[in-house]
Amino acid sequence: MSLTVLTSVSRLKSVCRLHRIQGHMMSSHVEPEVLLEKVGRAGVITMNRPKVLNALNLTMIRQIYPQLKKWEKDSETHIVIIKGTGGKAFCAGGDIRAVTEAGKVGDSLAQDFFREEYFLNNAIGTYRKPYIAIIDGITMGGGVGLSVHGRFRVATEKTLFAMPETAIGLFPDVGGGYFLPRLRGKLGLFLALTGFRLKGRDVQRAGVATHFVESKKIPDLEKELVDLKSPSDGDVSKVLESYQNQSSLDSEKPFVLDKHVSDIDRLFSSSSVEGIMQNLKADGSEFARKQAETLSKMSPTSLKITYRQLQAGATLSLQDVLVMEYRLTQACMRGCDFYEGVRAVLVDKDQNPKWKPATLEEVSDQSVDQCFSSLGEKDLTF
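Count the sequence shown with the working numbering and you get residues 30 to 411, in order.
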């Protein structure tokens with residue numbers, strides 16, 4: 030074999046080896062989607078998908094749930110803190126596009142995702158140690174499920190909260206049927222049907238967050254929480270309150286819905302969604318007109334499901350609400366509005382969904398009843 034050929038072979042081997050090494054380096058640098066760390070006596074969960082606003086997928090759920098259970102039993106872990114990376118979002122929702130793709134082809138992800146997500150929501154709602162969600166940034170859908178059932182929810186001026194599911198042919202799930210009807214008056218129903226966005230301090234004023242702390246103070250707050258020695262809920266409360274007291278940003282601004290609270294209670298008091306629409310159209314105020322316009326764009330089926338979900342959820346336990354909501358997710362998977370909503374809002378982004386049925390009047394009580402009916406052995410069981 031000539032020297033030239035040997036040199037070429039040797040060079041080729043080197044290049045291949047270099048590619049292998051680079052490939053290995055790249056693969057070993059793939060960031061985990063969720064970071065689970067022990068910092069002092071705190072378990073810290075960090076959603077780590079900043080490019081997709083920390084959207085929650087099944088892989089993340091399957092890492093968070095067992096770790097939460099482990100920390101709950103561990104005598105060396107006293108509190109759990111959950112947060113997001115990237116500075117824009119805590120968690121902007123569940124990985125809905127993956128779920129729709131699965132639902133279209135009958136893949137089990139359409140069941141597994143919701144089932145396991147709801148187990149996680151319940152684990153948070155029943156957690157025996159202080160659970161602190163730092164909802165700094167966008168917090169919607171699945172991100173609400175990771176935070177709102179915990180004992181402490183800390184909003185900052187960057188928090189943007191909404192449950193916009195009726196716009197994609199879904200409903201405010203992850204236990205929305207539990208916490209929304211427990212907000213004051215008809216506020217929860219208003220947020221659920223319209224997808225209205227609350228920002229910053231207003232997230233706390235509405236009762237979604239328990240505390241408000243300025244974003245720049247969060248690193249110090251975290252450090253102080255992590256340094257607490259075997260803290261009770263009361264100890265954590267004291268720390269959060271002291272940081273809240275140092276946060277005066279926007280404190281002079283009134284609650285965004287302040288002047289509409291009584292209107293919301295009046296206009297959204299009706300025994301049906303059609304009744305609410307009639308109230309809004311008859312009212313004539315700018316606020317009522319705007320809400321009627323918003324509702325007219327939502328999936329009529331979603332609006333009716335959501336109305337009944339909150340009505341029923343007001344008197345149910347969180348677990349019973351999650352059982353009901355799991356049934357509703359599977360009904361949405363069987364229908365067509367969810368796929369059409371995701372197409373219009375997230376895929377083609379033409380914002381022009383064609384709902385079926387297209388009007389509230391065409392959505393029969395019977396079809397809504399069917400959405401709530403038992404799945405038999407496929408029901409969610411805790």
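Backbone N, C-alpha and C define an ideal beta-carbon position, used for all residues, glycine too.
Asked: Is it buried or exposed, G72, if we count other Cβ atoms within 10 angstroms and call 16 or more buried?; Found: buried
Asked: When DSSP labels each residue in this structure, what does F225 get in the three-state scheme?; Found: coil
Asked: Taking the C-alpha atoms as reference points, what is the distance between C400 and S298?; Found: 23 Å
Asked: Rounded to whole angstroms, what is the Cα-Cα separation between G205 and P382?; Found: 24 Å
Asked: With a 10 Å radius around its C-beta and 16 neighbouring C-beta atoms as the bar for buried, classify Q395 as buried or exposed.; Found: exposed
Asked: Tell me which residues share the same chain as D398 and place their Cβ nearer than 8 Å to its Cβ, disregarding the 5 neighbours each side in the sequence.; Found: none
Asked: Can you check DSSP and say which residues form a bridge with G123?; Found: L85
Asked: Does DSSP put F316 in a helix, a strand or coil?; Found: helix
Asked: Does DSSP classify G72 as helix, strand or coil?; Found: strand
Asked: Find the nearest neighbour of G236 within the set G123, L216 and F225, judged by alpha-carbon distance.; Found: L216
Asked: Excluding five sequence neighbours on each side, which residues of the same chain lie with their C-beta closer than 8 Å to the C-beta of K443?; Found: For residue 443 there is no data in the structure shown, the boundaries of the chain being 30 and 411.
Asked: Assuming T330 contacts G364 under a Cβ cut-off of 8 Å, what Cβ separation, rounded to an integer in Å, is found between them?; Found: 7 Å
Asked: Applying the 10 Å Cβ sphere with the 16-neighbour rule, what's the burial state of V134?; Found: exposed
Asked: Looking at C-alpha atoms only, which residue of I197, K67, D262 and E270 is the closest neighbour of M362?; Found: I197
Asked: Quick test of the definition: if touching needs 3 or more C-beta pairs under 8 Å, does the segment 79-93 touch the segment 165-181?; Found: yes
Asked: Tell me whether R337 is buried or exposed, calling it buried when 16 or more other Cβ atoms sit within 10 Å of its Cβ.; Found: buried
Asked: Beta-carbon separation of I163 and K112 under 7 Å?; Found: yes
Asked: For H53 and V350, I'd like the C-alpha separation in whole angstroms.; Found: Its pLDDT being 49, under 50, H53 is placed unreliably in this model, and the coordinates cannot settle the point.
Asked: Which residues in the same chain as D264 place their Cβ atom closer than 7 Å to its Cβ, once the five residues preceding and following it in sequence are excluded?; Found: L257
Asked: Just the C-alpha distance for S104 and L296, rounded to the nearest angstrom, thanks.; Found: 50 Å
Asked: Confirm, please, whether the CB-CB distance from P201 to A221 is below 7 Å.; Found: yes
Asked: Quick check on the DSSP output: the alpha helix (DSSP H) that includes V255 runs from which residue to which?; Found: I247 to V255
Asked: From D136 to C120, what does the alpha carbon distance come to, in whole angstroms?; Found: 25 Å
Asked: Looking only at C-alpha atoms, which of Y160, E60, T168 and R211 sits nearest to T344?; Found: R211
Asked: For N274, count neighbouring C-beta atoms within 10 Å of its own C-beta (all shown protein chains included) and say buried if the count is 16 or more, exposed if not.; Found: exposed
Asked: Alpha carbon to alpha carbon, how far is D366 from L250?; Found: 43 Å
Asked: Please classify A321: does DSSP put it in a helix, a strand, or coil?; Found: helix
Asked: Only counting the same chain, and skipping five residues up and downstream in sequence, which positions put a Cβ closer than 7 Å to that of F143?; Found: Y355 and T358
Asked: If you measure between the beta carbons of V255 and T188, is that distance less than 7 Å?; Found: no
Asked: Below 7 Å CB to CB, which residues in the same chain sit around Q348 once its five sequence neighbours on both sides are set aside?; Found: N151 and F411
Asked: Assign K447 to one of three DSSP states: helix, strand, or coil.; Found: The question about residue 447 has no answer here: the residues shown for the chain are numbered 30 through 411.
Asked: Going by the beta-carbon positions, is the gap between T195 and M327 smaller than 7 Å?; Found: yes
Asked: Mapping the DSSP letters down to three states, classify V232 as helix, strand or coil.; Found: helix
Asked: Are the beta-carbon atoms belonging to R234 and F284 less than 7 Å from one another?; Found: yes
Asked: How many Å lie between G69 and P193 at the Cα?; Found: 37 Å
Asked: Please name the residue, chosen from K117, E145, A118 and G116, that lies closest to V128 on a Cα-to-Cα basis.; Found: E145
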